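Peer 1:
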Amino acid sequence: MPINSKLVHRVCVVGGGSWGTAVAKLVSENTERWPEFEPLVKLWVHDAALAATINEQHENTKYLPGVKMPDAVVAEADLSAALSLATLVIIAVPHEFLHGEIFRKILVGGAANCRVCSLVKGLDVVDGRPALVTERMRRDLLGLDVSVLMGANIAAEVAAGSFCEATLGVRTAEDGPVWQRVFNRPWFRVNVVMDATGVELCAALKPIAAIVRVGLEEMRRFSKLFFPHVRTATFFEACGVAEVVVSAYSGRTRRCAEAFAREVAAGGPAPNWAALELELLGDQKLPAMHRLREVMECVRAQGPRAQARFPLFSAIHAIAFHGAPPSRVLKLPERRIS
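The sequence shown begins at 1 in the UniProt record's numbering and counts up one residue at a time.
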C-alpha cells in the first residue's frame, strides 16, 4: 500500500485521553491536506457523554480542556463504528486498559490488512521476562503490521503546535512512508527507524530513569539483556534521550514524584500512589509505577548478579514501594553504573 495508491486511507484513533485527542488533532491536519486520506478522523472515546461533548463543543473538556478540535475529528463511543473500514489504526489507550476486545473489533471492523501504530507505553511480563506490548498486539491481530511512535511529547504542547520530535519505529520499510505522512508536520518532526523494538523499549523504560545519564545506561542494559538485537543508536533518538529529559523535568510523573518526595522529606509517611494519582491527576493514571514493578520483576527473575547491574532502577523501586529515603538515588555505587 504505497502512499501514492488510489486507495483512500481512513484513520481511526483508539483512545480519547489527552494524548489520543492531541494526536487526532495533529493527524486531522494531514488527512485534510493529502488526497490519499479520507479527511475525517474517527476518535474512539469510551465515555458516550464525553464523545457527545467533543462533537458538540469541539473540545475534550475532560482530558484536553481549552484546545479546540477541528471539525474533521469526529468522536465515537461505539468502537465498532469508529473502526469501520479503517485502513490506519492508531492505538492510544493506557497500557492497563489494553484488552483483547479492541483487537477483535479491529479485525472485524477495520479494512483487510489495515496497518496499526501503537502509542502505548508499557511492558507485559510473561514468566518473569519482559514481553513487548506490540508482540501481544501482533498476535491478537493475527500478524498485522504494528509500528510504534514515541517521543518527548506532552499532549498540550503537541495540541498547541509547539515544536516537538518523535521517533517512528517500523518493522517493514513499506510502513515508514505511510505513517510518516500521517504524523509528520513542520512543527512535529517524525524520524523513521527500522527498530520498532528499541523505540518501544525506550518509551517503556524512561519513566523510571529520570537521573538522565545513569537512567539511559540502565535502559540500554535492560533492553540489551532481554532484546539483544536492539540498536544502541535508537536511545539517542527522540524516543530515548529526549523523552527521558522531558519526563525528568515536566509532566505527570515529575509532579507526582515531587509530591511524594516532599511529603517524605517533611517527616510524614510515604504517601499512597493511588491517592497521589487521585489528588494530582484526577481521572488520569501514573503508568510509571506499574512499569517499575514490571521491570523489577523481570530483573529480579535473572538473579542477584543481574539486579546489581541496575542500581538506579533498584533504588527507585525501594523508594517507591519499600520505604527507602529519596536520597538513596544520590548514593548509587558508581563503579557499577559507569
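Note that CB positions come from ideal geometry on N, CA and C, so glycine has one too. Source: prediction; values computed, not measured.
Can you check which of these residues, Met219, Leu312, Pro311 and Pro325, is closest to Pro130 by C-alpha distance?
Peer 2: Taking only the C-alpha atoms, the option nearest Pro130 is Met219.
Peer 1: Just mark Thr172 as buried or exposed, buried being the case when its beta carbon has 16 or more other beta carbons within 10 Å.
Peer 2: Counting Cβ neighbours within 10 Å, Thr172 comes out exposed, since fewer than 16 surround it.
Peer 1: Are the CB atoms of Phe222 and Val295 within a distance shorter than 9 Å?
Peer 2: Result yes, Cβ atoms of Val295 and Phe222 sit closer than 9 Å.
Peer 1: Cutting at 8 Å between CB atoms, please list the residues of its own chain near Phe226, excluding the five before and the five after it.
Peer 2: So the qualifying residues of the chain are Arg129, Pro130 and Cys298.
Peer 1: Rounded to the nearest angstrom, what separates Pro269 and Glu263 at their Cα positions?
Peer 2: So the alpha carbons of these two residues sit roughly 7 Å apart.
Peer 1: Under the three-state reduction of DSSP, which class applies to Val27: helix, strand or coil?
Peer 2: Residue state, collapsed to three classes: helix.
Peer 1: Tell me the DSSP secondary structure of Ile91 in three-state form.
Peer 2: Residue state, collapsed to three classes: strand.
Peer 1: If I'm right that Leu141 touches Val116 with Cβ under 8 Å, what's the distance once you round it to whole angstroms?
Peer 2: Contact flag correct, Cβ pair sits at about 6 Å.
Peer 1: Closest by CA to Leu292, which one among Ala152, Trp273 and Trp179?
Peer 2: Nearest C-alpha to Leu292: Trp273.
Peer 1: Could you give the residue range of the alpha helix (DSSP H) that holds Met137?
Peer 2: Taken as a continuous stretch (DSSP letters only), the alpha helix (DSSP H) holding Met137 covers Val133 to Asp140.
Peer 1: Per DSSP, what kind of secondary structure is Asp195 in: helix, strand or coil?
Peer 2: Looking at Asp195 - three-state DSSP - the assignment turns out to be coil, as it is neither helix nor strand.
Peer 1: Any idea what DSSP makes of Lys105, helix, strand or coil?
Peer 2: Helix.
Peer 1: Who are the near neighbours of Val230 in its chain, counting only those whose CB is closer than 7 Å to its CB and skipping five residues on each side?
Peer 2: Cβ within range, chain order: Asp195, Thr197, Gly198, Leu201, Ser223 and Lys224.
Peer 1: Could you round the C-beta distance between Arg309 and Ala318 to whole angstroms and report it? I think they count as a contact, below 8 Å.
Peer 2: Contact flag wrong, Cβ pair sits at about 16 Å.
Peer 1: Keeping to the same chain, check which residues put their C-beta closer than 7 Å to that of Leu280; ignore five residues upstream and five downstream.
Peer 2: Contacts found: Arg255, Cys256 and Ala259.
Peer 1: Look at the alpha carbon of Ala152 and the alpha carbon of Ile316, and state the distance between them as a whole number of angstroms.
Peer 2: If you take the alpha carbons of Ala152 and Ile316, they lie about 21 Å apart.
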